[in-house]
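A.B. asks:
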Amino acid sequence: MQAVQVSETTYTSLLTQFSDRAVEQPFSLIELKVQNLKDYVAKWLQFQSLWDLEAEHAFNQLGDSLGHWQQLLTEIKQTRATFD
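Shown next, in the form of structure tokens:
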């Protein structure tokens, strides 16, 4: 059996056949997608914390202030647009 080099099985040697400029755009697009995914996950985790939130804690924090409740609901509605 012949020994197979790692570069032959992972195609890393192909990168040396392209100019730096030719690979910049694909890498930039990948980095942009990864950043978008991180942002999406961060928003999703904020919503998860809402589900985990104890109702009593929310009542204690917001009290009887209609303005505070309205602000919270407005923020939830705006953030929800991310998932719609």
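For the sequence shown, the UniProt record's numbering assigns the number 1 to the initial residue and increments by one for each residue that follows.
Cβ coordinates follow ideal geometry from the N, Cα and C atoms, glycine included.
Quick caveat: nothing in here was measured; it's all calculated off a predicted structure.
Report the three-state DSSP secondary structure of glutamate 24 (helix, strand or coil).
C.D. replies: In the structure shown, glutamate 24 sits in a helix (DSSP, three-state: H, G or I).
A.B. asks: Short check: CB of glutamine 46 to CB of threonine 79, under 9 Å?
C.D. replies: Result yes, Cβ atoms of glutamine 46 and threonine 79 sit closer than 9 Å.
A.B. asks: Give the list of continuous beta strand (DSSP E) stretches no shorter than 3 residues that lie fully inside the region 30–82.
C.D. replies: Qualifying beta strand (DSSP E) stretches: none in this window.
A.B. asks: What number of angstroms, rounded off, separates the C-alpha of leucine 50 from the C-alpha of serine 13?
C.D. replies: Their Cα atoms are separated by approximately 48 Å.
A.B. asks: Quick one: Cα of alanine 81 to Cα of leucine 72, how far?
C.D. replies: Near 15 Å, if we compare the C-alpha coordinates of leucine 72 and alanine 81.
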